[in-house]
Amino acid sequence: MTPKELTPWQALRRSVQMVGQAAPVELRRLALLNLLTGVGPSVSLFLGKIVIDEAAAMAAQGGMTNPVAALLGNSRLVWSVVIALGLNLVVDAVDAVGTSLFASLRDRVEGFVQGKVLEKVAYFDDIALFETPELLNLLELAERGLGRIQRLAFIVAATFMGVFTFVPSVAVSASIAWWVPLTLVASAVPSIVVEMRHHRKSWRVEETQASISREMGIYSKTITDPQYAKELRLFSLQGIVLGRWQQRFGEMFERMERVRRDGALMVMLWALVGGLGVTVPYAYVVVAVLGGDLTLGDLALYTGIILQLRRSLYVLIAHTGDIYDVSLATAPIFQLLDLAPQLYPGTQRPVAAPVLGAGITLERLSFAYPGQDRPILQEIDITIQPGEMVALVGENGAGKTTLAKLLCRLYDPTVGRITWHGQDLKALDLEQLRSRIAVVMQDYARFPATLRENVGWGYLPKLEEDEALRTVLTEAGIDYLPASLSHGIDTPLGRQLEDGIDLSGGQWQRVAIARALMRLGQAELLVFDEPTAALDPKNEHEIYRIFRSIAQDRMAVVVSHRLALAKLCDRIIVLEQGRIIENGDHDTLMTQGGQYHTMFSRQASSYL
4 MTPKELTPWQ ALRRSVQMVG QAAPVELRRL ALLNLLTGVG PSVSLFLGKI
54 VIDEAAAMAA QGGMTNPVAA LLGNSRLVWS VVIALGLNLV VDAVDAVGTS
104 LFASLRDRVE GFVQGKVLEK VAYFDDIALF ETPELLNLLE LAERGLGRIQ
154 RLAFIVAATF MGVFTFVPSV AVSASIAWWV PLTLVASAVP SIVVEMRHHR
204 KSWRVEETQA SISREMGIYS KTITDPQYAK ELRLFSLQGI VLGRWQQRFG
254 EMFERMERVR RDGALMVMLW ALVGGLGVTV PYAYVVVAVL GGDLTLGDLA
304 LYTGIILQLR RSLYVLIAHT GDIYDVSLAT APIFQLLDLA PQLYPGTQRP
354 VAAPVLGAGI TLERLSFAYP GQDRPILQEI DITIQPGEMV ALVGENGAGK
404 TTLAKLLCRL YDPTVGRITW HGQDLKALDL EQLRSRIAVV MQDYARFPAT
454 LRENVGWGYL PKLEEDEALR TVLTEAGIDY LPASLSHGID TPLGRQLEDG
504 IDLSGGQWQR VAIARALMRL GQAELLVFDE PTAALDPKNE HEIYRIFRSI
554 AQDRMAVVVS HRLALAKLCD RIIVLEQGRI IENGDHDTLM TQGGQYHTMF
604 SRQASSYL
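Sequential numbering from 4 applies to the sequence shown in my numbering.
Have a look at this one:
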């Protein structure tokens, strides 16, 4: 699963298209707005020329007894003054409207693009996106790109104004001499090239340091997340974690600062060289006025238009650099949006009804995580019959949880296949398949939502059925919980929510179990990954009884280090370094005196 490479220009094209899709109305309004504010300065300079020339001609006649009457008698002068003042008033008023339009444009683009990214992540079928460093780095870069594509909206709007200022400036400056705009443009080209090279270097630093930035986020979360607050303080770890954050920040800042210093120096030097391009046209106009070829109004117009052309050029240069910077930074967004899950799409056939004696079969299955060569599972052959409860046991790293992920089709096997009632898992409709599976994962979710939602999300059609919720809460042994909460079953869970409360680890685990129980009506496969890890022995035994009861007539897989639960299962599969080394019921494996016997005896002795 390797992200597809994009050139800066491909990323820019797609970024501009996305901005256009996000805020077409705001962009049209800003284009009209910028047309007015961009053309306005050139028109004002031209009207200023007329005012100066007309006023100078009238002043040359001398001896005006009534200047106001003389002014009103010169319709050309009057209309030039009126239009110039009116245009300035309109431009000032439009600037105030522009602030509101820019804010709307920013919010539209931010919401649209972030929504696209969240939708992609939310519906990404497998979980390699969250367990592969390369893809986690891509996520980090995509999150940074969200801020850059928001800037693109401003850059596009500002570029409109730069273009609308530049075009009339070129037209007027060309009336001085054809070579004037060419000289100004040619003198600005080196600055554009240097600016783009600087942005490319800056982005390469950001790109190569995505992992450092992600580590900074991890340490920042460790400091601010309530999950770590107690132990961070009790073990006095603040200095260590904060020091690691500061070290990573220092490394990243130093490299970026070197690039910024070098880039700023080169851009400044070439900007000075480019500034010399103004000298010749400017001197040419002054000499022409002194020689009588141009008027004082021409001097005001042409010197103003030359400087305006120069300014508009540098606005465009700056935006060219910004646009290039954005195109580099937004490429990860589109790499993420183009990313395809590793899960085989198959034919998406509907899931067949249970077939007597069929069950789930794993045939010569091997699996390695994306980007890794070493297989976690090797040549696994298992059949799980309907009504059979199978325990997966073994030391840490043996591959138990990975096997559970494959059964839930969070990944596809690297080699071999899994069949569900005789159908290849890859060919089945993924959403329908997962609706037939009830899970309690080792790292179960603590959703920042109400108790109703934390339980009812296990089966959405019954979310509002209080009786169904009370039933599973009772089965999970926490029927007392709603009565103890301020808002009953609709109490928010999680300190980060307003009026939210937190539960104990054992209560959260029972909530996760209740969530799985909500799906029992249509579940055919139950997967319990360390389901009693947060429970004490007394409550653990109660949960064992619940599991044994609900597993009847269903296929059930239990991953557990607690071998007392394994003892209750119909069959026990012992994994070691990704391979099956023992397979049988408790009595059979104890008689064999192998790895399971050793593990069980070791645990049993700790209770004596």
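Positions of the beta carbon are idealized from the N, C-alpha and C atoms, including for glycine. Quantities reported herein were computed from a predicted structural model and do not represent experimental measurements.
State the beta-bridge partners of residue i as determined by DSSP.
i      : result
PHE531 : VAL443 and VAL561
PHE337 : Looking at the DSSP assignment, PHE337 forms no beta bridge with any residue, so it has no partner.
ASP427 : THR422
LEU395 : VAL562 and ILE576
ARG582 : GLU579
ILE504 : LEU496
How is residue i classed by DSSP in three states: helix, strand or coil?
i      : result
MET602 : helix
GLU470 : helix
MET521 : coil
ARG449 : coil
PHE370 : strand
GLN499 : coil
GLU8   : coil
GLY220 : helix
ARG412 : coil
GLU382 : strand
LEU365 : strand
GLY480 : coil
GLY294 : coil
GLY596 : coil
PHE587 : Correcting the residue type first, residue 587 is Gly in the shown sequence and not Phe. In the structure shown, GLY587 sits in a strand (DSSP, three-state: E or B).
ILE179 : coil
ILE654 : Residue coverage of the chain in this structure runs from 4 to 611, which leaves residue 654 outside it and unanswerable.
THR135 : coil
PHE127 : coil
TYR327 : helix
ARG513 : helix
THR417 : coil
Could you check whether residue j and residue i sit closer than 8 Å to each other, using their CB atoms as the reference points?
i      : j      : result
ALA131 : GLN345 : yes
LEU33  : LEU104 : yes
VAL120 : LEU149 : yes
LEU454 : THR494 : yes
LEU410 : VAL577 : no
VAL443 : ALA515 : yes
GLY461 : ARG522 : yes
SER330 : ALA14  : yes
LEU108 : SER18  : no
LEU520 : LEU506 : no
GLY362 : MET558 : yes
GLU2   : ARG111 : Nothing can be reported for residue 2: it is not among the residues displayed for the chain, which extend from 4 to 611.
ILE583 : ILE383 : yes
GLN499 : PRO451 : yes
VAL84  : VAL54  : yes
GLN24  : PHE157 : no
ALA471 : ALA526 : no
GLY597 : GLU579 : no
LEU566 : MET593 : no
ASP588 : ARG574 : yes
VAL458 : TYR599 : no
ASP556 : PRO378 : no
GLN445 : THR404 : yes
HIS564 : GLU533 : yes
Out of the options, which has the shortest C-alpha to C-alpha gap to residue i?
i      : options                           : result
TRP12  : ALA334, ILE387, LYS52 and GLY253  : ALA334
GLY419 : ASP129, ASP446, SER369 and SER239 : SER369
ALA569 : ILE516, MET444, VAL393 and HIS490 : VAL393
PRO416 : LEU380, LEU431 and ARG449         : LEU380
THR306 : THR594, GLU382, GLY51 and ARG31   : GLY51
ARG412 : GLY400, ARG439, GLU391 and VAL396 : ARG439
TYR372 : ILE86, LEU293, VAL283 and GLY581  : GLY581
GLN153 : GLN595, GLN375, GLU478 and ALA332 : ALA332
LEU139 : SER489, PRO6 and LEU529           : PRO6
ALA407 : VAL288, LEU528, LEU466 and MET255 : LEU528
THR614 : THR386, ARG377 and ASP376         : Lying before the first or after the last residue shown, residue 614 is absent from the chain, which here runs from 4 to 611.
THR474 : HIS490, ARG449, GLY524 and SER489 : GLY524
ILE546 : LEU476, PRO184, ALA471 and PRO136 : LEU476
GLN249 : GLU366, SER239 and SER223         : SER223
ILE549 : ASP532, GLU257 and ALA517         : ALA517
CYS572 : GLN595, ARG605 and PHE531         : PHE531
ALA145 : SER214, ARG31, SER178 and ARG79   : SER214
Tell me whether residue i, by its Cβ, gets closer than 7 Å to a heavy atom of the ligand NAD.
i    : result
PRO6 : Because no ligand of any kind appears in the structure shown, any question about the ligand NAD cannot be addressed here.
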